[in-house]
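Enquirer: First residue of the sequence shown? That's 2 in my numbering, and the numbers climb one at a time after it.
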Amino acid sequence: MTVAVAALALIVPSGRMEQINLDQICADAVTAAQSHFPEDKIVPEDIGISLYLVNRAEKLWVRGGFRADVQMYPASVVKMFFMAYAAHKLQKEEIVSSPEFERAASDMIKVSNNDATGYIVDKICGTTPGPELNDAEFSVFAEKRRAVNRWFESLGYKGVNAVQRTYNEGPYGRERQWVGEKFDNRNMLSPDHCSMLLADIALGRHWDQPRVEWMSNLLSRVNPQEDFEKSDGQARAYIGRVIPAGTKLYSKAGWTSTTRHDSSWLVLPDGREITLTIFTTKAQNLQLVSYIAGEILKSLGYEVKPPMGDPVMPVVTD
C-alpha cells in the first residue's frame, strides 16, 4: 500500500524519527531563490516543486511541494512518460524490443534526442508522421495518440497530457493538426505527476522487476561530485549539480527557450530516497533549478558543497 500525506512527513533517517513539513521546505526554497536572484524578478507562478520521500522497503511515500499540481509545458521531461508506457507495453508483450528500439530509448532519455523520441512515440502508439489527414483518418490518429494518457489515468494520474512528439524546430502535417491551431494540445504535466512517476518506479508499482531495471538503467546518471568529467549535462547542470557524493542519481531534464526543468530520483548516502521535480519558467537562469534543489537538500539535513564547473546547457526547443 502506498500512503500519501500532503505536507507533514514522518521519516526515519538512520534509525531516527522526526517530523518535517515538506510544503514549508519547498516554499522556503522558493523564497530563498527570490532573494538570491533579485534580477530575475521571480514570482510564485515561475516555479513548481514536488518532493516525495520514498520508502521502498515499506512500499510507501509521503509528499509535499510548492504549486506541485499546477501544469506546465514539461519540455523533455515528458520523455519519462513515454518510457514508462513503453515498459508497460513491453511487459504485456504488446510491442517487441529490438536493437533499434533500445538505441532509440537510450537516446531519448540519456541524451534527450527528439528524433529518437518520435520513434518511441510512434512505436508505442502505432502512429506515423506525415501529411495532413482527413477528419476520419485524424480521428483514428488522435485515438491512438491518447494511449499514454489513458494508461496513466487508469493508474490514478489525473490530467496527464503526453500526446506529442518533441521537436527541434516544430511540427508539420498531421503533427501540426494534432497540436492544435493555437497549440492548445501541447504536452502538459505537473511537477507532482513527475515525482509520482519516479516514486512509482522506485517502488515497482506498475511494472515487473526487469522493466523497473530497464527504466532505472535509462535514467541513471553519473554523480558529478564523483566524476565530473563523465557526468553529462542533465546531471551537472540541474539537480545533480548539488547532490552529495555517494548519491545515486536517476533523472530526466527538460529545457526550451522559456522553460528549464528537472525531475530526479535520488538514493542518498544515508539510504533515504527522494523524488524531486522542479519546473521553472526562467530558462535563462542556468543556476535556478540547482539552487532550489540545494536549498531543499540542506533543509533535509544534507551538506551541499559549492557546485563544480559551469552549468551551461544548449537550449533546444522541444
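Cβ atoms here follow ideal geometry from the backbone N, Cα and C, with glycine treated the same way.
#1: Identify, in the order they occur along the chain, each residue of the same chain with its Cβ nearer than 6 Å to the Cβ of M2, setting aside the five sequence neighbours on each side.
#2: Check A7 in the structure and name its three-state DSSP category.
#3: Assign E304 to one of two classes, buried (16 or more other C-beta atoms within 10 Å of its C-beta) or exposed (fewer than that).
#4: May I ask whether a heavy atom of the ligand GDP can be found less than 7 Å away from the beta carbon of L190?
#5: Let me check understanding here. Comparing Cα to Cα, which of E101, N22, R242, N186 lies closest to A117?
#6: Spatial neighbours of M216 within its chain, please: C-beta separation below 8 Å, excluding the five flanking residues on both sides.
#7: Mapping DSSP to helix, strand and coil, what is W208?
#8: Please name the residue or residues paired with I275 in a DSSP beta bridge.
#9: Could you please give me the residues that DSSP links to I48 through a beta bridge?
#10: What are the boundary residues of the alpha helix (DSSP H) that includes G295?
#11: For the 8 Å Cβ check, are there 3 or more pairs between the stretch 21-34 and the stretch 57-72?
#12: Are there 16 or more other CB atoms within 10 angstroms of the CB of D129, so buried, or fewer, so exposed?
#13: What does DSSP give as the partner residue(s) for V63 in the beta ladder?
#14: Contact between the stretch 267-282 and the stretch 227-236 is defined here as three or more beta-carbon pairs at a separation below 8 Å; is this criterion met?
#15: Whose C-beta lies closer than 7 Å to the C-beta of F341 among residues of the same chain, with five residues either side of it excluded?
#16: Where does the unbroken alpha helix (DSSP H) through S140 begin, and where does it stop?
#17: Quick one: what does DSSP say N115 is sitting in, helix, strand or coil?
#18: Hey, S264 and V78 are a contact pair by Cβ (cut 8 Å); roughly how many whole angstroms apart?
#19: Could you give the residue range of the beta strand (DSSP E) that holds Y251?
#20: Rank P308, V268, F82 by C-alpha distance to the C-alpha of R57 and give the top, closest one.
#21: How far does the alpha helix (DSSP H) with G174 in it reach, from first residue to last?
#22: V223 and P308 look like a contact to me (Cβ under 8 Å); what is the Cβ gap, rounded to whole Å?
#23: Leaving out five residues on either side along the sequence, give the residues of the same chain with a beta carbon under 7 Å from the beta carbon of S99.
#24: Does S155 come out as helix, strand or coil in the three-state DSSP assignment?
#25: Pull up the distance between the alpha-carbon of A105 and that of V63, whole angstroms please.
#26: Residues in its own chain within less than 8 Å of T318 by CB, not counting five upstream and five downstream?
#27: What whole-angstrom Cβ distance do Y74 and M197 have, given they're in contact under 8 Å?
#28: Do A294 and I240 count as a contact pair if the criterion is CB distance below 8 Å?
#29: When you compare the CB of E304 with every CB in chain E, is at least one pair closer than 8 Å?
Expert: For this structure:
#1: Unreliable placement is indicated for M2, whose pLDDT of 37 sits below 50; the coordinate value is still reported in the next sentence. No residues qualify anywhere along the chain.
#2: Summary for A7: the model assigns pLDDT 47, below 50, so the residue's position carries little reliability, and this model does not support an answer.
#3: exposed
#4: No copy of the ligand GDP appears in this structure; indeed no ligand is present at all.
#5: Relative to A117, the option among E101, N22, R242, N186 whose CA is nearest is E101.
#6: M84, A85, A88, I202, W208
#7: coil
#8: DSSP, once it has assigned bridges, lists L54, L267 as partnering I275.
#9: T281
#10: 289-300
#11: Yes, the stretch 21-34 is in contact with the stretch 57-72.
#12: In the sequence as displayed, the identity of residue 129 is Thr instead of Asp. Under this definition T129 is an exposed residue.
#13: L54
#14: Look at the beta carbons and you see the stretch 267-282 not touching the stretch 227-236: under three pairs across the two are nearer than 8 Å.
#15: Limits of the chain in this structure are 2 at one end and 319 at the other, which puts residue 341 out of reach.
#16: Annotation for S140: the continuous alpha helix (DSSP H) segment containing it runs 136-146.
#17: helix
#18: 5 Å
#19: 249-256
#20: Nearest Cα to R57 within the set P308, V268, F82: V268.
#21: Neither: G174 is in no alpha helix (DSSP H) and is coded neither H nor E.
#22: Incorrect: roughly 15 Å between the Cβ atoms, too far for contact.
#23: None.
#24: helix
#25: Between the C-alpha atoms of A105 and V63 there is a straight-line separation of about 34 Å.
#26: Caution is warranted here: a pLDDT of 46 is assigned to T318, below 50, making its placement in the model unreliable, and the coordinate value is therefore given only provisionally. Counting only Cβ-Cβ distances below 8 Å, and skipping sequence neighbours, we find Y168, N169, E170, G171, T257, S258.
#27: In fact, because the Cβ distance is near 18 Å, the residues do not count as touching under 8 Å.
#28: yes
#29: You won't find chain E in this structure, because it holds only one protein chain.
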